[in-house]
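The next block holds one structure in the form of structure tokens; read it before the comments.
Numbering (the numbering used here), first residue to last: 2 to 105.
Now the structure itself:
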């Protein structure tokens, strides 16, 4: 049986369908926000005068990459199929991840 899982982004401002996720940082904190095209352009326009005068920063060395594993969407799909409750976004509960790993 074939399945297709579709993730639909919801605009964090007005609840409409979002077209992209924008990641930005301010004062050392990184943020992400899902926005439709109109709101994404508004955000870029608001930042533009400041970005124009800002200096790009070099990336710091990152820690060793975390072990790779199954994609969260794959785990969510399996969990829902098995009757587990999982959030549509965010961290997958440890007991669900452990159950997935035990089954695979």
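A virtual CB, placed ideally from N, CA and C, is assigned to each residue, including glycine. Since the model is a prediction, treat every value here as computed from it, not as a measurement.
Check                                                                                                                                                : Outcome
Since residue 39 is in the alpha helix (DSSP H), which residue starts that stretch and which ends it?                                                : 38-54
Can you tell me whether residue 19 is buried or exposed? The criterion is at least 16 other CB atoms within 10 Å of its CB, across all chains shown. : buried
Between the C-alpha atoms of residue 57 and residue 14, what's the straight-line distance to the nearest angstrom?                                   : 28 Å
Of the choices 38, 48, 104, whose alpha-carbon is the least far from that of residue 27?                                                             : 48
Let me know if residue 76 comes out buried or exposed under the rule of 16 or more other beta-carbons within 10 Å of its beta-carbon.                : buried
State the Cα-Cα distance for the pair residue 32 and residue 25, rounded to the nearest angstrom.                                                    : 5 Å
So, with DSSP's three-state summary, where would you put residue 24?                                                                                 : strand
Straight-line CA distance for residue 79 to residue 53?                                                                                              : 46 Å
According to DSSP, which residues form a beta bridge with residue 32?                                                                                : 25
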